[in-house]
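Asks:
There are 4 protein chains.
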Amino acid sequence: MSSPTWFSAAREGYASKGIGSRLSVGHRPALLVVDLAVGFTDDVWAPGCDLDGVVERTAELVRLARTNGHPVIFTTIAFAPDALEGHVWLTKMPGLRCMTEGSPAVAIDPRLGRLDSEPLIVKRAASAFAGTGLASLLATLRVDTLVVTGATTSGCIRATVVDACSAGYPTLVPESCVGDRHEGPHEANLFDIDSKYADVVAFDRARELFDVTVAKERA
Amino acid sequence: MSSPTWFSAAREGYASKGIGSRLSVGHRPALLVVDLAVGFTDDVWAPGCDLDGVVERTAELVRLARTNGHPVIFTTIAFAPDALEGHVWLTKMPGLRCMTEGSPAVAIDPRLGRLDSEPLIVKRAASAFAGTGLASLLATLRVDTLVVTGATTSGCIRATVVDACSAGYPTLVPESCVGDRHEGPHEANLFDIDSKYADVVAFDRARELFDVTVAKERA
Amino acid sequence: MSSPTWFSAAREGYASKGIGSRLSVGHRPALLVVDLAVGFTDDVWAPGCDLDGVVERTAELVRLARTNGHPVIFTTIAFAPDALEGHVWLTKMPGLRCMTEGSPAVAIDPRLGRLDSEPLIVKRAASAFAGTGLASLLATLRVDTLVVTGATTSGCIRATVVDACSAGYPTLVPESCVGDRHEGPHEANLFDIDSKYADVVAFDRARELFDVTVAKERA
Amino acid sequence: MSSPTWFSAAREGYASKGIGSRLSVGHRPALLVVDLAVGFTDDVWAPGCDLDGVVERTAELVRLARTNGHPVIFTTIAFAPDALEGHVWLTKMPGLRCMTEGSPAVAIDPRLGRLDSEPLIVKRAASAFAGTGLASLLATLRVDTLVVTGATTSGCIRATVVDACSAGYPTLVPESCVGDRHEGPHEANLFDIDSKYADVVAFDRARELFDVTVAKERA
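Protein chains in written order, with this note's numbering: chain W, 48 to 266; chain D, 48 to 266; chain U, 48 to 266; chain F, 48 to 266.
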């Protein structure tokens, strides 16, 4: 990532305080694709922005993981007509109101080719873990590592990665697979994520993790 | 807050997309003091930094809230000897290992004068909600609004505020009552918090909320 | 409730050990109608049984609460096509497989006249709190008391009531508003609920709670 | 288990409705010992009852699991001095008030020989999952199966097993390793657990699960 002046000073300060170490990953990764729904990937919708590169690189990981038998899990945002669950968030971000059950905005971007058999977590909060069955799903799938992609870096990616850390999952964030509306928050959040919660990695590092077929015991 | 070049452009872009609106608060606020433990407020400990101003302003709110009968809730970090709960976080931030049960680092800073009768949430994750009884406590206390203070802005404050939003609580963050090791992450996280999850406010706005005695029905 | 021989001995033993006391309730109750979906109320579906009386009495409370401005929240069970979330439960209870997204079995019984504006919690677990946004919804609605009705007493009612207790909500269970497939588990679970987690009450006790209009500050 | 008249009729009815099937277990079990604290195992304390057999059989499993490298996790109940977290439960069961931080009642029964390196979950609710880091701990340990023992069958065992099912963990309950104050609730809850959430099994079935050394990949 490019570097605002404060990044290098902060990273150095962190290193001296035991902040910013690396994780080890396991052998049963899942790919978690966060909010690459039409309302985010097509900027005719209020929450949307240019995520073409993010969708393209994520689609590569989706195909690879699927082919090799690794779980691929999608999330979207879809508020109920009453809009009560998620009320505080919607008050701060009224632009999200288009993400309502039944709207075309909540559908996963067709370029990702999601299969009906692939889990779709419907959320009404920033984190994919908040008020959803994601933690239960990961236990059922015996996942031991997460690769998180999607949007936005400063919103649902950050929130999901913090919760993944709390939930006990070592997590990788391939830098070219996450995106945001503005570079500033994108970079500042990658800095925090990489310092405190997960490893921000190059695309190939995430690719390698899915480039093996799943051990038989899994099935 | 001071403004990196990208803040104003991003804020303008957000406004055009329905991001960054204001919340309304209720009449039963609680003060949540996050991680103002000795290990954070005294920089002889690895996680520590200069938080004297934060402690001083927070102490004012603590006294006011306590006097007027509003709940004051403290959090600290205290890992078990096995260090299994919180394992991923400790791997990223080994500097937190000093925050272990029984260490003087986990005690709340004495300048805050915490009373034994005031709840202390012990956590092993960034968010005060993760793996704790905080949500249950807030329901029991019939709280409808949170004021969050403490440290660090880019760590436990951010994580707690995101979860407060998901948990259904309108939240205020008085700017002078939160602090961090470096200005860059401090400011970038205040920007995100104020744009998406809670209202970053002046000290007096938070002060006013506690400057009324609690309605009788509460007791 | 009718009484197997062990009930009175156990109740007496409990009383001597400080088990089975009464709760006080608040002034902002919500009515939580658990799983009165067609798949449960119509016994052409595997999970179904005779719940006509339960539906009728619950419908009375629904109308009263709605008229007086108290929140009415419904739950149903609806598994995704992948059936991964809820996998362990479905393995124990394969009869629940008919409760799949899009099936007529998951619709709320029409005799309850649920309005589109009334929240519907979709769950894949026994408890209405597990993997759902119910706790967040209750905070948003500033609820301080729950009345739980529906089915089954030994399944989703028990699980929901235990979690309501943990979540900090005093809870009433009007006996004629909950039902089950067999009398044995129904009675044994009412016994446990009343001893440890909530107050099992007569219909009129629950009715009174909703028979007042909502205080203005709520709106 | 012995059989009240309704058990066989209900079990038959359940079988015809797809209720009461068997689970398959994995290869990475953990032993979860629920609330075998002095306040429960010694009846000088209000919540206590005769659990000598339960402690003895559980101790066998503890030793075996420990020797073979399987995780052993203990829980206890310990309310804070403010007694706010757990308030509703304590109101229903004031007899639990002796389970307060620092009291000898909260210590794990010494006959189980818990090691300092073995995780201890401190809870203020019936379920070991409610308001605790247990789910995170299980993910960190890469556990795929639970064996739940302890007390009481109709209280914390039932609540924990229901949540284990929701959390995605196939669970075994060895019948001789769980106990209660009265036979009626003990048997009725084993019936429910075995019908809907977990497999109630003979001691030897649980023993076998731990009677293998842990696969190398685990360490």
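Beta carbons are placed, not taken as given, at the ideal position from N, Cα and C, and that holds for glycine.
Since the model is a prediction, treat every value here as computed from it, not as a measurement.
(1) Give a yes or no on whether 8 Å exceeds the smallest Cβ distance from R265 (chain D) to chain U.
(2) Hey, L184 (chain W) and G73 (chain F): beta-carbon distance below 8 Å or not?
(3) Can you name the residues of chain U whose CB is closer than 9 Å to the CB of D191 (chain D)?
(4) For W92 (chain D), which option in D:E234, D:V259, D:V109, D:P141 has the closest C-alpha, if you only look at C-alpha atoms?
(5) Can you pull the chain U neighbours of H134 (chain W), defined as C-beta to C-beta under 7 Å?
(6) Could you pull out every unbroken alpha helix (DSSP H) segment of at least 4 residues lying fully inside the stretch 62-123 of chain D, listed in chain order?
(7) Along the alpha helix (DSSP H) that carries T207 (chain W), what are the first and last residues, could you check?
(8) Under a CB-based cut-off of 8 Å, is G149 (chain D) close to chain W?
(9) Report the CB separation of A211 (chain D) from A245 (chain D) in whole angstroms; it is logged as a contact under 8 Å.
(10) For L155 (chain F), write down the residues that DSSP places opposite it in a beta bridge.
(11) Identify, in the order they occur along the chain, each residue of the same chain with its Cβ nearer than 6 Å to the Cβ of A198 (chain D), setting aside the five sequence neighbours on each side.
(12) What residue does the alpha helix (DSSP H) around L181 (chain D) start on, and which one ends it?
(13) What residue range is occupied by the uninterrupted alpha helix (DSSP H) comprising A253 (chain D)?
(14) Answer with buried or exposed for T114 (chain F), where buried requires no fewer than 16 other C-beta atoms within 10 angstroms of its C-beta.
(15) Does any C-beta atom of chain W lie closer than 8 Å to the C-beta of T43 (chain U)?
(16) Between the stretch 52-74 of chain F and chain U, which residues of the former have a C-beta closer than 9 Å to a C-beta of the latter?
(17) Within the 8 Å Cβ cut-off, does G197 (chain U) reach chain D?
(18) Could you tell me which of F:H117, F:T138, F:R75, F:E165 sits nearest to T123 (chain F), measuring between CA atoms?
(19) Let me confirm a value: K263 (chain F) is counted as buried when at least 16 other C-beta atoms fall within 10 Å, else exposed. Which label applies?
(20) Kindly give me the distance between the Cβ atoms of R75 (chain W) and R189 (chain W), rounded to whole angstroms, as I take these residues to be in contact under 8 Å.
(21) Alpha carbon to alpha carbon, how far is S213 (chain W) from L143 (chain D)? Give it in angstroms, no decimals.
(22) Taking C-beta pairs closer than 7 Å, name the residues in chain F that Y216 (chain W) reaches, listed in chain order.
(23) Any Cβ of chain W within less than 8 Å of the Cβ of T207 (chain U)?
(24) Take C203 (chain U) and list the residues in its own chain whose beta-carbon comes closer than 6 Å to its own, dropping the five residues that flank it on each side.
(25) For the alpha helix (DSSP H) that contains T138 (chain W), what are its first and last residues?
(26) For T200 (chain U), write down the residues that DSSP places opposite it in a beta bridge.
(27) Between P221 (chain W) and E103 (chain W), what straight-line distance do the alpha-carbon atoms span, to the nearest angstrom?
(28) Alpha carbon to alpha carbon, how far is G133 (chain W) from V101 (chain W)? Give it in angstroms, no decimals.
(29) From this set, F:H229, F:T196, F:E148, F:H233, which residue's C-alpha is nearest L108 (chain F)'s C-alpha?
(30) Pull up the DSSP beta-bridge partners for T147 (chain U), would you.
(31) Is it right to say F178 (chain F) is buried, meaning 16 or more other beta carbons lie within 10 angstroms of its own, or is it exposed?
(32) So with CB distances below 7 Å, who are the chain F contacts of R171 (chain D)?
(33) Hey, is S183 (chain F)'s beta-carbon within less than 8 Å of any beta-carbon in chain D?
(34) L79 (chain F) and L159 (chain F): beta carbons closer than 8 Å?
(35) Indicate whether H117 (chain F) and A175 (chain F) have their beta-carbon atoms separated by less than 8 Å.
(36) Let me confirm a value: G149 (chain F) is counted as buried when at least 16 other C-beta atoms fall within 10 Å, else exposed. Which label applies?
Replies: Looking at the coordinates:
(1) Walking along the second sequence from the start, residue 265 (chain D) turns up at place 218. A caution first: R265 (chain D) carries a pLDDT of 46, below 50, which makes its placement in the model too unreliable to give a value.
(2) For the purposes of this step, residue 184 (chain W) is identified with residue 137 of the first sequence, where counting begins at 1. For the purposes of this step, residue 73 (chain F) is identified with residue 26 of the fourth sequence, where counting begins at 1. Not closer than 8 Å, so no.
(3) The residue labelled residue 191 (chain D) in the question sits at position 144 within the second sequence. By Cβ distance, chain U contributes A186, R189.
(4) Here residue 92 (chain D) refers to the residue found at position 45 when the second sequence is read from its first residue. Closest by alpha carbon: D:P141.
(5) Your numbering for residue 134 (chain W) matches position 87 in the first sequence. The answer, in chain order, is T187.
(6) 85-88, 99-114
(7) On the first sequence, residue 207 (chain W) is found 160 positions in, with the first residue counted as 1. Segment 205-213, the alpha helix (DSSP H) holding T207 (chain W).
(8) Position 102 of the second sequence, counting from 1, holds the residue named residue 149 (chain D). Not a single CB atom of chain W sits nearer than 8 Å to the CB of G149 (chain D).
(9) Within the second sequence, numbered from 1, the residue matching residue 211 (chain D) stands at position 164. Within the second sequence, numbered from 1, the residue matching residue 245 (chain D) stands at position 198. Contact flag correct, Cβ pair sits at about 7 Å.
(10) Position 108 of the fourth sequence, counted from the first residue, corresponds to residue 155 (chain F). Checking the sequence, you will find Ile at residue 155 (chain F) rather than Leu. F:A84, per the DSSP bridge assignment.
(11) If you number the second sequence from 1, residue 198 (chain D) lands on position 151. Contacts found: D82, F87, L98, G226.
(12) Here residue 181 (chain D) is taken as the residue at index 134 of the second sequence, counted from 1. Element bounds for L181 (chain D): 181-187.
(13) Working through the second sequence from its first residue, we reach residue 253 (chain D) at position 206. Per DSSP, A253 (chain D) belongs to the alpha helix (DSSP H) from 250-257.
(14) Start at 1 with the first residue of the fourth sequence, and residue 114 (chain F) comes out as number 67. That one is exposed.
(15) Residue 43 (chain U) lies beyond the stretch modelled for chain U, which goes from 48 to 266, so this question has no answer here.
(16) So the close ones are T52, W53, F54, A56, A57, G60, Y61, S63, K64, G65, I66, G67, S68, R69, L70, S71.
(17) To locate residue 197 (chain U), count along the third sequence from 1; it is residue 150. No, no contact with chain D.
(18) The residue you call residue 123 (chain F) lines up with position 76 of the fourth sequence. It is F:E165 whose Cα lies nearest to the Cα of T123 (chain F).
(19) Residue mapping note: residue 263 (chain F) aligns to position 216 of the fourth sequence, counting from 1. Residue confidence for K263 (chain F) is low, a pLDDT of 48 falling below 50, so the modelled location carries little weight and cannot support an answer.
(20) Here residue 75 (chain W) refers to the residue found at position 28 when the first sequence is read from its first residue. Here residue 189 (chain W) refers to the residue found at position 142 when the first sequence is read from its first residue. About 6 Å separates the two Cβ atoms, so the contact holds.
(21) Numbered from its first residue, the second sequence carries residue 143 (chain D) at position 96. Numbered from its first residue, the first sequence carries residue 213 (chain W) at position 166. One C-alpha to the other measures close to 14 Å.
(22) Walking along the first sequence from the start, residue 216 (chain W) turns up at place 169. Under the 7 Å cutoff, chain F gives A186.
(23) Start at 1 with the first residue of the third sequence, and residue 207 (chain U) comes out as number 160. False, the Cβ-Cβ gap to chain W never drops below 8 Å.
(24) Counting from 1 along the third sequence, the entry for residue 203 (chain U) is found at position 156. If we look at C203 (chain U) and ignore the five residues flanking it on each side, its Cβ neighbours are V81, D82, A173.
(25) Numbered from its first residue, the first sequence carries residue 138 (chain W) at position 91. 134-139 is the extent of the alpha helix (DSSP H) around T138 (chain W).
(26) Here the question's residue 200 (chain U) lines up with position 153 in the third sequence. Its beta-bridge partners do not exist; DSSP assigns none.
(27) As a position in the first sequence, residue 221 (chain W) is number 174, starting the count at 1. As a position in the first sequence, residue 103 (chain W) is number 56, starting the count at 1. C-alpha separation (whole angstroms): 13 Å.
(28) On the first sequence, residue 101 (chain W) is found 54 positions in, with the first residue counted as 1. On the first sequence, residue 133 (chain W) is found 86 positions in, with the first residue counted as 1. Going by the C-alpha atoms only, they are around 26 Å apart.
(29) If you number the fourth sequence from 1, residue 108 (chain F) lands on position 61. Among F:H229, F:T196, F:E148, F:H233, the Cα nearest to that of L108 (chain F) belongs to F:T196.
(30) Along the third sequence, one-based indexing puts residue 147 (chain U) at 100. T147 (chain U) pairs with U:F126.
(31) Here the question's residue 178 (chain F) lines up with position 131 in the fourth sequence. One detail in the question is off: residue 178 (chain F) reads as Gly in this sequence, not Phe. Answer is buried; the Cβ neighbour count reaches 16.
(32) Position 124 of the second sequence, counted from the start, is the residue given in the question as residue 171 (chain D). By Cβ distance, chain F contributes G180.
(33) As a working mapping, residue 183 (chain F) is identified with position 136 in the fourth sequence. Interface residue, yes.
(34) Looking up residue 79 (chain F) in the fourth sequence gives position 32. Looking up residue 159 (chain F) in the fourth sequence gives position 112. Between L79 (chain F) and L159 (chain F), the gap from beta carbon to beta carbon reaches 8 Å or more.
(35) Translated into positions along the fourth sequence, residue 117 (chain F) becomes position 70. Translated into positions along the fourth sequence, residue 175 (chain F) becomes position 128. Cβ atoms of H117 (chain F) and A175 (chain F): not closer than 8 Å.
(36) As a first step, residue 149 (chain F) must be located in the fourth sequence, where it is residue number 102. The residue in question, G149 (chain F), is exposed, as its Cβ has fewer than 16 Cβ neighbours within 10 Å.
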